[in-house]
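Here is the structure we will look at.
In our numbering, the protein residues as written are 319 to 755.
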């Protein structure tokens, strides 16, 4: 039974209260009610507070915030040069400048073996009348040919004549220009090959290196039979002539071996370049092609390419020790045959096609073809293998021709050749004068 404490009036039993209550009637406040037990004992009911009813609204019933109905679409800035309308004679001036440091030369030589004192010894370089040790040929060629606007290129085919015209030193600031020399379409009619003349110029306006570079693009262009000749002033041999004039300073030869015409040398040095090294060197030269960087889009082991300048550096450095001591070199032609991926090991072998000893002092000039191969132990795998002369002398060094020769005449080299490099090297000869008494 329930009795109102204030009015002392009978309210009724709990079941009757609930029965009489409608959905709209509130329950009586329990803390104002005294309960009488059926046993006659009187006691106070504990005060109980009803919790407020919580109403949970669904998300669909929430009010949606109002937004502006205006949108903007993003755009991609394209810095690559549109070469579709370029013709022979078109000149491209690169706006970037780069100040070279000692650390750049050291980083390069940590990746590409060199023992030539003109690149490693300041006292030796100064004895030759130079202000300091000279930046390595392969490094300067890499900087000369590196193009930040070639993103549309499919692959580099090779180099033409590359001349180290004037020495480059740490502290020099260099810039470059490119000129379209010639254009032609491939036999399938779907691609085009551009031949560029590349020039590296220092802060004094002196041309330090010139090089011809061939690139393959995935679009055809109107045929042109015009070829722009090289500028004689830009292809001067002042650096070479200066070294020849200092032959009297080289009183003692450091050359390790005597070379003769017809020699075939298996080089013992094998070396790879990691993906990190490849990215760092490519960035230092301001390369931007996605094939050198984007491992999200391209598989690192099978689709990422080592830049062509680094492939050349690995091939030349593999042969460097056996041609010690080199003072100057000039690339006649380079053909890239198969792609090189980060981690691939590069070795090389060289064929000496000519030796010219009619130079001042103890100097000699050798003409040599160095062939870079990947993932082979050159010294052991080719020790008892006869190398076909067609491979060593052919002027057709493009992929199809080289593969045909290797597949037919030397299967061990099939799909292994990465580069064929023809060059002239001026070095100290290993002469031993013989006096008859």
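Glycine residues also receive a C-beta, built at the ideal position from the N, C-alpha and C atoms.
Rounded to the nearest angstrom, what separates residue 459 and residue 602 at their Cα positions? 13 angstroms
Please name the residue, chosen from 501, 383 and 388, that lies closest to residue 408 on a Cα-to-Cα basis. 501
Taking the alpha-carbon of residue 668 as reference, which of 520, 392, 422 and 634 has the nearest alpha-carbon? 634
Expressed to the nearest angstrom, what Euclidean distance is found between the alpha-carbon atoms of residue 519 and residue 389? 47 angstroms
Mind checking residue 563: buried by the 16 CB within 10 Å criterion, or exposed? exposed
Cα separation between residue 632 and residue 410? Rounded to whole angstroms, residue 632 to residue 410 spans 29 angstroms at the Cα level.
Check the C-beta distance from residue 402 over to residue 537 and give it rounded, since I have them as a contact under 8 angstroms. 6 angstroms
Inter-residue Cα distance where the pair is residue 462 and residue 528: 7 angstroms
Rounded to whole angstroms, what is the Cα-Cα separation between residue 478 and residue 704? Their Cα atoms are separated by approximately 29 angstroms.
Where residue 746 sits in the DSSP three-state scheme: strand
Identify the continuous alpha helix (DSSP H) that holds residue 638 and give its terminal residues. 626-638
For residue 477, report the span of its alpha helix (DSSP H) as first-last. No alpha helix (DSSP H) contains residue 477, which is instead part of the beta strand (DSSP E) from 471-482.
Which residues in the same chain have their Cβ closer than 7 angstroms to the Cβ of residue 524, if we skip the five residues on either side of it in sequence? For residue 524, same chain residues with a beta-carbon under 7 angstroms away, outside a window of 5 residues either side, are 484 in chain order.
Using a threshold of 7 angstroms, state whether the C-beta atoms of residue 454 and residue 429 are closer than that. no
What's the gap between the Cα of residue 737 and the Cα of residue 675? 28 angstroms
Can you say whether residue 709 is buried or exposed, counting buried as having 16 or more other CB atoms within 10 angstroms of its CB? Under a 10 Å Cβ-count criterion, residue 709 is classified as buried, with 16 or more other Cβ atoms of the shown protein chains found around its own Cβ.
Any beta strand (DSSP E) of 3 or more consecutive residues that is wholly inside the segment 395-429: Correct list: 409-411.
Measure the C-alpha to C-alpha separation of residue 670 and residue 569 and round it to an integer number of angstroms. 25 angstroms
Sorted by chain position, which residues of the same chain lie with C-beta nearer than 7 angstroms to residue 419's C-beta, five sequence neighbours on each side aside? Counting only Cβ-Cβ distances below 7 angstroms, and skipping sequence neighbours, we find 488.
In the DSSP assignment, what are the bridge partners of residue 527? 482 and 518
Which two residues bound the contiguous beta strand (DSSP E) that contains residue 502? 491-503
Is residue 747 buried or exposed, if buried means 16 or more other CB atoms sit within 10 Å of its CB? buried
Cα-Cα, which of 701, 549, 480 and 415 is closest to residue 742? Of 701, 549, 480 and 415, the smallest CA-CA separation from residue 742 is found for 480.
Coil, strand or helix - residue 559 by DSSP: Looking at residue 559 - three-state DSSP - the assignment turns out to be helix.
Distance, Cα to Cα, residue 711 vs residue 575? 23 angstroms
Closest to residue 558 by CA distance: which of 386, 393, 385 and 446 is it? Selected option, being the one with the closest Cα: 446.
Is residue 581 helix, strand or coil when you go by DSSP? coil
So what's residue 567 in DSSP terms, helix, strand or just coil? Three-state result, residue 567: helix.
If you follow the beta strand (DSSP E) that residue 461 is in, where does it begin and where does it stop? Unbroken run through residue 461 is the alpha helix (DSSP H), 455-463; no beta strand (DSSP E).
Tell me which same chain residues have a C-beta within less than 6 angstroms of the C-beta of residue 715, skipping the five on either side of it? Taking residue 715 as the centre and dropping the five residues before and after it, the same chain places the C-beta of 653 and 738 closer than 6 angstroms to its C-beta, in chain order.
Report the three-state DSSP secondary structure of residue 437 (helix, strand or coil). helix
Quick test of your reading: residue 636 and residue 594, contact by CB under 8 angstroms. State the CB separation rounded to the nearest angstrom. No, residue 636 and residue 594 are not in contact; Cβ-Cβ is about 21 angstroms, not under 8 angstroms.
When you compare only the Cα positions, how much space is there between residue 436 and residue 539? 44 angstroms
For residue 680, report the span of its alpha helix (DSSP H) as first-last. That residue, residue 680, is in no alpha helix (DSSP H); it is neither H nor E in DSSP.
Do residue 600 and residue 610 have their C-beta atoms closer together than 7 angstroms? yes
I think residue 521 touches residue 491, with their Cβ atoms under 8 angstroms apart; what is that distance to the nearest whole Å? Indeed they touch by this definition, with Cβ atoms about 4 angstroms apart.
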